[in-house]
Amino acid sequence: MSRAIRDVEDLVAALREDAGDVGTVDGHLRLPPREARFVPYPDWVLPALKDALQARGITSLYSHQREAAELLHAGRDVVVATSTASGKSVGYHLPVLDRLLREPSRARALYLFPTKALSRDQMAELERVLAGATAGGERLTVAVYDGDTPPDTRRALREGGHLVITNPHMLHAGILPNHTKWQGLFSGLEYVVVDEVHTLSGIYGSHVANVLRRLVRICAHYGSRPVFCAASATISNAAEHAQRLFERPVKLVDDDGSARGPKHFLFVNPQLVSEASGMRVPALDAARRLATNLVAAQPDGGIQSIFFVRSRSNVEVLLKYLRDECKAQKADPERVTGYRGGYLPNLRRDIERGLREGRITSVVSTNALELGIDIGSLDVCVLVGYPGTVSSTFQRAGRVGRRQRSSAVILLARSFAMDQFLVREPGFLFDAPREAVAIDPDNAVILANHVKCAAFELPFTRGDGFGKAEGIDDVLEFLSRDLGLLVREGDRYHFAAATFPAEGVSLNAAELDNVVIHDRDTGKVLGEIDRASSITEVYEGAIYGHQGEQYLVEEFRYDDRRCYVRRADVDYYTEADTETEVRVLHLDASEDFGSYCAHRCEVHVSTLAKAYKKLRFYTRENVGDGEIDLPPEEFETEACVLALDPELAVRAGLSEGANGGGLRGLAELIQGLVPLFVRVDPGDVRVSSELRHPHFERPTILIHDAIPNGVGLSERIFAVHREVLQAALGVVTRCRCAGGCPSCIGPARDQGRRGKALARRILEELLGGRSA
Ligand SMILES: [Zn+2]
Numbered sequence: 001m002s003r004a005i006r007d008v009e010d011l012v013a014a015l016r017e018d019a020g021d022v023g024t025v026d027g028h029l030r031l032p033p034r035e036a037r038f039v040p041y042p043d044w045v046l047p048a049l050k051d052a053l054q055a056r057g058i059t060s061l062y063s064h065q066r067e068a069a070e071l072l073h074a075g076r077d078v079v080v081a082t083s084t085a086s087g088k089s090v091g092y093h094l095p096v097l098d099r100l101l102r103e104p105s106r107a108r109a110l111y112l113f114p115t116k117a118l119s120r121d122q123m124a125e126l127e128r129v130l131a132g133a134t135a136g137g138e139r140l141t142v143a144v145y146d147g148d149t150p151p152d153t154r155r156a157l158r159e160g161g162h163l164v165i166t167n168p169h170m171l172h173a174g175i176l177p178n179h180t181k182w183q184g185l186f187s188g189l190e191y192v193v194v195d196e197v198h199t200l201s202g203i204y205g206s207h208v209a210n211v212l213r214r215l216v217r218i219c220a221h222y223g224s225r226p227v228f229c230a231a232s233a234t235i236s237n238a239a240e241h242a243q244r245l246f247e248r249p250v251k252l253v254d255d256d257g258s259a260r261g262p263k264h265f266l267f268v269n270p271q272l273v274s275e276a277s278g279m280r281v282p283a284l285d286a287a288r289r290l291a292t293n294l295v296a297a298q299p300d301g302g303i304q305s306i307f308f309v310r311s312r313s314n315v316e317v318l319l320k321y322l323r324d325e326c327k328a329q330k331a332d333p334e335r336v337t338g339y340r341g342g343y344l345p346n347l348r349r350d351i352e353r354g355l356r357e358g359r360i361t362s363v364v365s366t367n368a369l370e371l372g373i374d375i376g377s378l379d380v381c382v383l384v385g386y387p388g389t390v391s392s393t394f395q396r397a398g399r400v401g402r403r404q405r406s407s408a409v410i411l412l413a414r415s416f417a418m419d420q421f422l423v424r425e426p427g428f429l430f431d432a433p434r435e436a437v438a439i440d441p442d443n444a445v446i447l448a449n450h451v452k453c454a455a456f457e458l459p460f461t462r463g464d465g466f467g468k469a470e471g472i473d474d475v476l477e478f479l480s481r482d483l484g485l486l487v488r489e490g491d492r493y494h495f496a497a498a499t500f501p502a503e504g505v506s507l508n509a510a511e512l513d514n515v516v517i518h519d520r521d522t523g524k525v526l527g528e529i530d531r532a533s534s535i536t537e538v539y540e541g542a543i544y545g546h547q548g549e550q551y552l553v554e555e556f557r558y559d560d561r562r563c564y565v566r567r568a569d570v571d572y573y574t575e576a577d578t579e580t581e582v583r584v585l586h587l588d589a590s591e592d593f594g595s596y597c598a599h600r601c602e603v604h605v606s607t608l609a610k611a612y613k614k615l616r617f618y619t620r621e622n623v624g625d626g627e628i629d630l631p632p633e634e635f636e637t638e639a640c641v642l643a644l645d646p647e648l649a650v651r652a653g654l655s656e657g658a659n660g661g662g663l664r665g666l667a668e669l670i671q672g673l674v675p676l677f678v679r680v681d682p683g684d685v686r687v688s689s690e691l692r693h694p695h696f697e698r699p700t701i702l703i704h705d706a707i708p709n710g711v712g713l714s715e716r717i718f719a720v721h722r723e724v725l726q727a728a729l730g731v732v733t734r735c736r737c738a739g740g741c742p743s744c745i746g747p748a749r750d751q752g753r754r755g756k757a758l759a760r761r762i763l764e765e766l767l768g769g770r771s772a
């Protein structure tokens, strides 16, 4: 880049002309500016509230804000799915605050935010609004209730809080089990707002859906029936997802009336290091090179930028590079800062203010700044690697763009299939949203855990429902007869023990028993790991990583669920070799595509860890191995299976394939691309392949939920698998490596010399053509 850069348009033009050592611009899209659609406030809004909002600069409403406000005011349940900086919250603040101000002695509301930081940010905004709007001279009591709330505030909130802001964990373990202390809240509860519902996916989302069932049950007990409002990033199934969460018909508001300046999306592939191996310059290095240009171009700091990186350590590395560059260019290094979890709250507030005021021109952040914390609008967003989901990509992109000015989002691709796919097909992000969120509130383990918590809160009578879950009487019988957790008296079930069951139920796991990791040197508990992962992570001899430190596993008492580790100064990590057997129990649905059959089925998964390797950091040099002596981990779950026509296998040359490399590589590629279509957390789904599966007697690719009973992920994948295959073909066809690389089917050394050619032929056969 050589030309002078005064603004974002200059930067975009310079990068397109010659991105130099940053890489090559493979894709460029420009979103045209959008005019705001303003509408007046509804007539029912209290003048005092309207005045207070107008004093905050909200002189009129965007059309979607009014649409949401009107629906909620009329008692309809709503999900608002508009762009990041579109002011979704005003849409629900209006009806909620209006009610609270009109009936302060009775009306109550509850807001759920995913993080503490976001809760406090919303709290601050509400306080500013409410400073100008009182109920007959009295201020409303609004506060955050979480682990950091001081005892006085807690008491005040319990006794007379009008609006309680909290998170799902706190509602689950702190508020619902103590509902008798919150009678005022539950008997007057009129509105429940659940923000960022797209983050409520998989196991966690399935738990939260059950926490909401418990909330509705407690409200019914106190005689209230609140209206629900969800706010979401753009996903393909926002209304359906909110409907599953709330178990009610939900009205979708997604016609965005907010303004936007022109926004550029640049997709940059870092330079190839070697064509044959497919390796590229790491995205973090490309980010440093880009930052050098940005900082150099900005003696006066006219362009404000945000760099999103994947880890806390990457924040510090890139921050150091940027500050060094400032010093080299005689600019003030304090203009550049980091932002991540672990920074103290005061420092974070100071950084947020610095960004709003323009004092800070560049920030390097983890996902900590992805959600709605107010930092004003910046100009350039650099994504160092694809963030993993479409919705978080747009959340991050939403950090830039002021009303009348151009902004740019620059994605620096990594050598992963997902990143490489997007760089070559940037349109994917902008066509109709495809990312779906899957939850299954009726997962047997998750449901049983919450029925247990609910029984503690209020006894059950046979025939009582629990949301829309079926077979609750059987669950109650199981909890009382088999587990002895409930006592049955006639038709009533009471909780038997004195302890809070909610404390033992983690919203992030679907296990009844985790393995606890103890540090022998300090005697402290280091962490927990779910049982299914324990056999591949904490076997004796394993190196267990924790916050950048290495620990050697000295003893694993499998039956006691305890593991003992000690700090170890080693230059290697360990990797277990596992054998997974997926046995089909029952076919739920099948669809014939000619060259293969797709099945949705219930499966039994058995994973045996037999041995492990010690691999040196960075080089992966093998420096030793050992045996693992643990029983197999077994569970039943849901799967999506692609069973290939045996003739296809012959045509594609699969039978000659050396050790199934092509098929295995294809399975790995599918695993890498699935998150583009279905929102999955790492480890939520597993993909495997078999050259001749015993049940189908043909080559198969199996995709299964990684937790017992599943949470509906493989069902979603079954529905979109053709699109995943199409994307896979695109990646394999365009990847320039010779025989496989991390950007497509995995390195040639793992998949065999012919692996890539085989994978491509199989895909062409599966999709019924030889399209390029
Ligand atoms: Zn490749």
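For the sequence shown, our numbering begins at 1 and goes up steadily by one.
Every residue gets a Cβ at the ideal spot worked out from N, C-alpha and C, and that includes glycine.
For clarity, every value in this text was computed on a predicted model and none was experimentally measured.
- Only residues of its own chain outside the window of five on either side were considered, and among them A609, L630 and E633 have a CB closer than 6 Å to the CB of I535, listed in chain order.
- Comparing alpha-carbon positions, the option among A81, R567, A532 and I360 lying closest to I543 turns out to be R567.
- Counting along the chain, S362 sits inside no alpha helix (DSSP H); it lies in the beta strand (DSSP E) bounded by residues S362 to S365.
- For V253, the CB contacts under 8 Å within the same chain, skipping 5 residues up- and downstream, are H64, E67, A68, L71, V78, V79, V80, A81, T82 and G91 in chain order.
- Considering only G768, K50, E723 and A639, the residue with the shortest C-alpha distance to N709 is A639.
- In the DSSP assignment, G205 falls within the unbroken alpha helix (DSSP H) covering G202 to Y222.
- If you look at L101, you'll find it isn't in any beta strand (DSSP E); it sits in the alpha helix (DSSP H) that goes K88 to R102.
- Selection D374, N367, E370 and F456 evaluated against L355 yields D374 as nearest (Cα-Cα).
- Counting only heavy atoms of ligand 1, the residues whose C-beta sits closer than 5 Å to one of them are, along the chain, G278, C735, C737, C741, S743 and C744.
- W182 counts as buried, since at least 16 other C-beta atoms from the protein chains shown sit within 10 angstroms of its C-beta.
- Nearest C-alpha to C563 among V584, G594, D577 and R531: R531.
- Between E190 and L371, the C-beta spacing is not below 8 Å.
- In the three-state reduction of the DSSP assignment, D324 falls in the helix class, which pools H, G and I.
- If you look at D350, you'll find it in the alpha helix (DSSP H) that goes P345 to E357.
- Per DSSP, reduced to three states, the secondary structure at N293 is helical.
- With contacts defined by Cβ atoms closer than 8 Å, V674 and V724 form a contacting pair.
- Only residues of its own chain outside the window of five on either side were considered, and among them L318 and Y321 have a CB closer than 7 Å to the CB of R288, listed in chain order.
- Nearest to V711 by alpha-carbon distance, out of R128, H586, L429 and L200, is L200.
- In this chain, C735 is not harboured by any alpha helix (DSSP H), its DSSP state being neither H nor E.
- R155 sits exposed, since fewer than 16 C-beta atoms from the chains shown fall within 10 Å of its C-beta.
- Contact check between the segment 160-177 and the segment 395-402: fewer than three CB pairs, one atom from each, fall below 8 Å, which does not count as touching.
- Under the rule that a run must span 4 or more residues, the alpha helix (DSSP H) segments found entirely inside the segment 41-71 read 47-55.
- Three or more pairs of CB atoms, one per stretch, sit closer than 8 Å, so the segment 417-435 contacts the segment 658-673.
- With the rule of 3 Cβ pairs closer than 8 Å, the segment 204-222 counts as touching the segment 430-448.
- The shortest C-alpha to C-alpha distance from L552 to any of V565, D560 and G465 is the one to V565.
- For the 8 Å CB-CB criterion, K263 and L31 form a contact.
- Counting C-beta pairs closer than 8 Å gives three or more between the segment 37-54 and the segment 84-100, which meets the contact rule.
- Note on F617: under 16 other CB atoms within 10 angstroms of its CB, so exposed under the neighbour-count rule.
- DSSP places Q550 in the uninterrupted beta strand (DSSP E) bounded by E549 to R557.
- In this model, L290 and A576 are separated by some 38 Å (Cα to Cα).
- Residue pairing for T700: DSSP places it in a beta bridge opposite A643 and E690.
- Of all alpha-carbon atoms in S362, V384 and F428, the one lying nearest the alpha-carbon of S236 is that of F428.
- In the three-state reduction of the DSSP assignment, C597 falls in the strand class, which pools E and B.
- The three-state secondary structure of I306, taken from DSSP, is strand.
- A576: not part of any alpha helix (DSSP H); member of the beta strand (DSSP E) spanning Y572 to D592, first to last residue.
- Taking C-beta atoms as the reference points, S606 and H599 fail to come closer than 8 Å.
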